[in-house]
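First to last, the sequence lines map onto chains D and X.
Oh and the first sequence: position 71 is 71 in UniProt numbering, straight run, nothing missing.
Oh and the second sequence: position 136 is 136 in UniProt numbering, straight run, nothing missing.
Protein chains: 2
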Amino acid sequence: MTDSKRAGKRERLAGAAVRVLHEQGVEKTTLADIARAADVPVGNVYYYFKTKDQLVEAAIDAHARELESLVATLERLPAPQERLKALLRGWVEQRDLTARHGCPTGSLASELDKRGDGLDRAVAGVMARLLDWVAGQFAAMGRDDARELAVALLAAYQGAALLTNTFRDPALMETEGRRLERWIDTLA
Amino acid sequence: MTDSKRAGKRERLAGAAVRVLHEQGVEKTTLADIARAADVPVGNVYYYFKTKDQLVEAAIDAHARELESLVATLERLPAPQERLKALLRGWVEQRDLTARHGCPTGSLASELDKRGDGLDRAVAGVMARLLDWVAGQFAAMGRDDARELAVALLAAYQGAALLTNTFRDPALMETEGRRLERWIDTLA
DNA sequence: GTCTATAAATCGATAGAC
DNA sequence: GTCTATCGATTTATAGAC
Chain D
1 MTDSKRAGKR ERLAGAAVRV LHEQGVEKTT LADIARAADV PVGNVYYYFK
51 TKDQLVEAAI DAHARELESL VATLERLPAP QERLKALLRG WVEQRDLTAR
101 HGCPTGSLAS ELDKRGDGLD RAVAGVMARL LDWVAGQFAA MGRDDARELA
151 VALLAAYQGA ALLTNTFRDP ALMETEGRRL ERWIDTLA
Chain X
1 MTDSKRAGKR ERLAGAAVRV LHEQGVEKTT LADIARAADV PVGNVYYYFK
51 TKDQLVEAAI DAHARELESL VATLERLPAP QERLKALLRG WVEQRDLTAR
101 HGCPTGSLAS ELDKRGDGLD RAVAGVMARL LDWVAGQFAA MGRDDARELA
151 VALLAAYQGA ALLTNTFRDP ALMETEGRRL ERWIDTLA
């Protein structure tokens, strides 16, 4: 089989893993679940990934690329406060999915921390890059407490996502999103 | 064996479960892990709990009682804003444990959501009672947006706990705790 | 390269001796 | 009531046919 086809199957597995791991969690998800979602025979998974951990790592990488692509579209907006508010609105738009399964990045970080392997460091890297970008926006707004504000914004979202998921209440994310937009306006 | 002794062993198992489930997560924790921590033979666990789920539920109840006892001590403080700030300081004091394993309630809520069983509703109840109490404090401060403020405070803490855990950085919780104390002062 | 069959390990749960 | 031994189901991972 050609390299392009092999890459396609690898990516299909990684992409399906992102979705299924978000829905079911890492521990509850079997390789059979991911293989089925990717329409690949179970035993064949091991040709592309030596262990389950390597497949999870590929899913983290795929998720990181999705996040980078989102940030890239935000970069097109001229003002940093508009970029941050657009990020917020994107999170609010995902409220139904968040109510069902939580924030993909946050629940992954929480779950991978409990595993002995080093996969939690990979998610921490994804989270760190997002935090850096948010801090960069606050810095562009002339704030010298940019990092602290970035932590506050990201924490507010992560916590809101957790409560939205816990109470299965998408409206909670809407209310919190509006409040955070007003907060950003006061900082400009 | 007497009822009191039996109750003692049941409680020892539930108490050990609270600790071990926080450290290792629900899925990674085996009944053997909990039995060892409680100094009870593995097979004997099933005399006290018919299934693993029932043991997890007992752990949630035990955790709920710990939280209620904490809230009861806060009730002794005269002013509602002092009660909230004391709650915050308690969270900050737990920062090292949080950096290692996250917030016990939050990580439990996140993990149990991914399981098919109904245990996530039990944690949601614990979280709801805490949220109600916080909202009650804001209401006593004369705020008619008490519920929204309570969601904001609890979400800020849950998000800060998640980031503290993800980055393994207790200082993050300290900084965020100070910021939230200042925020409460502006609302009084 | 692809897939089936199965080994190997883990863990929840039960049977039954004491 | 307490504990050991073990079953049965699930899941990761591998061997090997095609």
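Beta carbons: idealized from backbone N, C-alpha and C, even for Gly.
- Secondary structure note for A188/D: it is in no alpha helix (DSSP H), with a DSSP letter that is neither H nor E.
- Close partners of Y47/X in chain D (Cβ separation under 9 Å) are lacking, with about 27 Å as the shortest Cβ gap.
- In this chain, the alpha helix (DSSP H) harbouring Q158/D covers 146 to 167.
- Minimum Cα-Cα distance from A99/X among the listed residues R182/X, A17/X, D144/X, H22/X corresponds to H22/X.
- Leaving aside the five residues that flank A14/D on each side, the residues in its chain whose CB is nearer than 6 Å to its CB run, in chain order, A58, A59, A62.
- Cβ-Cβ distances below 8 Å link M141/D to P80, Q81, L187, A188 in the same chain, with the five nearest sequence neighbours on each side left out; the list follows chain order.
- M127/X belongs to the set of residues whose beta carbon lies under 8 Å from a beta carbon in chain D.
- Straight through space, the alpha carbons of R65/D and R10/X are spaced by roughly 48 Å.
- Here the alpha carbons of L130/X and D96/X stand approximately 22 Å from one another.
- Contact with chain D is found for V123/X, since one of that chain's Cβ atoms lies less than 8 Å from the residue's Cβ.
- It is roughly 39 Å from the alpha-carbon of R19/X to the alpha-carbon of K85/D.
- Pairing G118/X with D53/X, the inter-Cα distance amounts to about 9 Å.
- Buried is the label assigned to V45/D, since at least 16 other Cβ atoms lie within 10 Å of its Cβ.
- Contact between A32/D and A16/D is absent: CB atoms are separated by about 12 Å, not below the 8 Å threshold.
- Contact between R76/X and V40/X is ruled out by a C-beta separation of about 36 Å, above the 8 Å threshold.
- Taking the beta carbon of L77/D as reference, no residue of chain X falls within 8 Å; the closest one sits roughly 24 Å away.
- The beta carbon of E148/D sits closer than 8 Å to some beta carbon of chain X.
- Sequence-distant Cβ neighbours of Q158/D in its own chain, meaning closer than 7 Å and more than five residues away, are C103, G106.
- In the structure shown, K52/X falls within a helical segment according to DSSP collapsed to helix, strand and coil.
- Within chain D, the residues whose beta carbon sits less than 8 Å from that of L154/X are G159, L163, listed in sequence order.
- Relative to the Cα of R168/X, the nearest Cα in the group Y47/X, Q94/X, G43/X belongs to Q94/X.
- The criterion of a C-beta distance shorter than 8 Å is satisfied by T166/D and A109/X.
- In the structure shown, M127/D falls within a helical segment according to DSSP collapsed to helix, strand and coil.
- L74/D is outside the set of residues whose beta carbon lies under 8 Å from a beta carbon in chain X.
- Secondary structure at R65/X: helix, using DSSP grouped into helix, strand and coil.
- Along the UniProt domain "HTH tetR-type" (7 to 67) of chain X, the positions whose C-beta sits under 7 Å from a C-beta of chain D are Q24, G25, E27, K28, read in chain order.
- Using a CB distance below 9 Å, no part of the segment 79 to 93 of chain D faces chain X.
- In the DSSP assignment, D96/D falls within the alpha helix (DSSP H) that extends over 95 to 101.
- In this chain, the alpha helix (DSSP H) harbouring A109/X covers 104 to 113.
- In terms of beta-carbon proximity, L187/D stays away from the interface with chain X, with every pair separated by 8 Å or more.
- Counted as a single uninterrupted DSSP element, the alpha helix (DSSP H) harbouring A38/X occupies residues 31 to 38.
- With three or more CB-CB distances shorter than 8 Å, the segment 148 to 162 of chain D counts as touching the segment 144 to 162 of chain X.
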